[in-house]
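A.B. asks: First, the structure itself, so that you have it in front of you.
Set out below in structure tokens:
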């Protein structure tokens, strides 16, 4: 969104607001790109995990010898990364060890895992699947067929959630881009108004300016209305992070403003209103055309 210098010193705050709004919209675009990359990484990680789980057979109650082998494998995995794998028991069967290793090497190995989640193995299972399944995979002695089947089902659901979220991100990205283009065109047109000497214009010309400024104000209102509808729609979508009331709050929680498009609309709307007031003041003293 291009910005223009205000027409006079009294509008310096508005001009700064336009620049801040443009920066927030640019940051929103960056945040969306990062979130999309991370979501794709997670979807692919869960797909890889599912493929590995399908190759891991369920098992019967272990014998003493197999239990010792499983215990050794578990100890080896814990030594590799104890902070991530803590939370399970030490004497699990080879199937559960294979599940743990597969999860650690796929889902827990996405580039942003430590920054965004930093969960232990058991906590991650509970968050992504269910606490009950997490217990079955970390505290049972063997990988039962019921647990394996549930894990495949829950993994497919995790993949589907990422795919649905990617669709949300695509829609949000298109919405932000559309809003930025609209606001940029308004700011550019306002710039042409700001360079005019309204005091020298005749009443008819000023009246035409005011009519056009009213149209620009309506465009701002339309952008705001679309974003409010998108925000309400986001409230109805449950798959957002903790502490986020809607998708936009989740996506932009690290930005300077929670709703960057609405902040942009407010800044541009103030600029439109400022110029319109200048026009209306000039109309009071203008000669008839």
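Residue numbers (full-length UniProt numbering): 1 to 289.
For each residue, glycine too, the CB sits at the ideal point set by N, CA and C.
Suppose the cutoff is 8 Å on Cβ atoms and the five residues either side in sequence are ignored; what does the same chain contact list for residue 175 look like?
C.D. replies: Result list for residue 175: 226, 227, 230, 261, in chain order.
A.B. asks: Tell me which residues share the same chain as residue 126 and place their Cβ nearer than 6 Å to its Cβ, disregarding the 5 neighbours each side in the sequence.
C.D. replies: For residue 126, where only same-chain residues beyond five positions count, the Cβ hits under 6 Å are 134.
A.B. asks: Quick check: what's the CA-CA separation for residue 213 versus residue 272?
C.D. replies: So the alpha carbons of these two residues sit roughly 7 Å apart.
A.B. asks: With DSSP run on the structure shown, which of helix, strand or coil describes residue 89?
C.D. replies: Bear in mind that the predicted position of residue 89 carries a pLDDT of just 43, short of 50, making it too unreliable to give a figure here.
A.B. asks: For residue 140, which option in 97, 111, 257, 192 has the closest C-alpha, if you only look at C-alpha atoms?
C.D. replies: Selected option, being the one with the closest Cα: 97.
A.B. asks: Between residue 210 and residue 268, which are expected to be in contact by the criterion C-beta below 8 Å, what is the C-beta distance as a whole number of angstroms?
C.D. replies: That belief does not hold up - the Cβ atoms of residue 210 and residue 268 are roughly 17 Å apart, past 8 Å.
A.B. asks: In whole angstroms, what separates the C-alpha of residue 283 from that of residue 216?
C.D. replies: When rounded, the distance between both Cα atoms is 19 Å.
A.B. asks: How many angstroms separate the CA atom of residue 115 from the CA atom of residue 274?
C.D. replies: Near 44 Å, if we compare the C-alpha coordinates of residue 274 and residue 115.
A.B. asks: From residue 276 to residue 192, what does the alpha carbon distance come to, in whole angstroms?
C.D. replies: Cα-Cα distance, rounded: 13 Å.
A.B. asks: Below 7 Å CB to CB, which residues in the same chain sit around residue 173 once its five sequence neighbours on both sides are set aside?
C.D. replies: If we look at residue 173 and ignore the five residues flanking it on each side, its Cβ neighbours are 32.
A.B. asks: Can the beta-carbon of residue 56 be found less than 8 Å from the beta-carbon of residue 95?
C.D. replies: Going by C-beta atoms, residue 56 is nearer than 8 Å to residue 95.
A.B. asks: Could you check which residue in 198, 20, 49 has the C-alpha nearest to that of residue 281?
C.D. replies: Ranking 198, 20, 49 by Cα distance to residue 281 puts 198 first.
A.B. asks: Just to confirm the assignment, what range does the alpha helix (DSSP H) spanning residue 101 have?
C.D. replies: Taken as a continuous stretch (DSSP letters only), the alpha helix (DSSP H) holding residue 101 covers 94–105.
A.B. asks: Can you grab the Cα-Cα spacing for the pair residue 84 / residue 99, in whole Å?
C.D. replies: Residue confidence for residue 84 is low, a pLDDT of 48 falling below 50, so the modelled location carries little weight and cannot support an answer.
A.B. asks: According to the neighbour-count rule (16 or more other Cβ atoms, all chains shown, within 10 Å of its Cβ), is residue 285 buried or exposed?
C.D. replies: The residue is exposed, with fewer than 16 neighbouring Cβ atoms inside 10 Å.
A.B. asks: What does a CB cutoff of less than 7 Å around residue 119 pick up in its chain, not counting 5 residues either side in sequence?
C.D. replies: Excluding sequence neighbours, residue 119 sits near 127.
A.B. asks: What are the start and end residues of the alpha helix (DSSP H) that includes residue 138?
C.D. replies: Note, residue 138: alpha helix (DSSP H), 131–139.
A.B. asks: Expressed to the nearest angstrom, what Euclidean distance is found between the alpha-carbon atoms of residue 34 and residue 153?
C.D. replies: Residue 34 and residue 153: Cα-Cα distance of roughly 28 Å.
A.B. asks: How many angstroms separate the CA atom of residue 50 from the CA atom of residue 43?
C.D. replies: Going by the C-alpha atoms only, they are around 11 Å apart.
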